[in-house]
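Novice:
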Amino acid sequence: MTKTLTAHIQRKHAERELFDARRTLSHLINIYDSGKWHRFYSEDVFIKMVRQARESVDYWTDVLSKCDPAQRATHSRFIPNPATALPKSGH
């Protein structure tokens, strides 16, 4: 029981972290597409933030993929998944 509960809590935590990472990446993509990123960040800082957000999404996706398939939460399909492509150059 305790092992199952611990695994459930850890999975829920990973799902929350993945949700937050995808939301952050989505926000960065939106401000890039709108061109507003120039107002808030230098190019180097913005590139670093996008890279960190993508790495975070990849990390938490990997963590969740290692969960026991029988114990995976069915609602994880509702975690938003923004476009994962790096911003296009030219803005």
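In the numbering used here, the protein residues as written are 114 to 204.
Each residue gets a CB set at the ideal place from its N, CA and C atoms; glycine is no exception.
Does Thr-161 come out as helix, strand or coil in the three-state DSSP assignment?
Specialist: Here residue 161 is Lys; the residue named in the question, Thr, does not match the sequence. Here Lys-161 carries a helix assignment [DSSP, helix/strand/coil].
Novice: Determine the direct distance from the alpha carbon of Ala-166 to that of Thr-137, and round the result to whole angstroms.
Specialist: 7 Å
Novice: Could you have a look at Tyr-154 and say whether DSSP puts it in helix, strand or coil?
Specialist: coil
Novice: Taking the alpha-carbon positions, what's the Ser-169 to Leu-131 distance?
Specialist: Those two C-alpha atoms are separated by around 8 Å.
Novice: Would you say Leu-177 and Met-162 are within 9 Å of each other, going by their C-beta atoms?
Specialist: Cβ atoms of Leu-177 and Met-162: not closer than 9 Å.
Novice: Kindly give me the distance between the Cβ atoms of Trp-173 and Ala-120, rounded to whole angstroms, as I take these residues to be in contact under 8 Å.
Specialist: Not a contact, Cβ separation roughly 16 Å.
Novice: Quick one: what does DSSP say Lys-125 is sitting in, helix, strand or coil?
Specialist: helix
Novice: Determine the direct distance from the alpha carbon of Ile-122 to that of Asp-175, and round the result to whole angstroms.
Specialist: 17 Å
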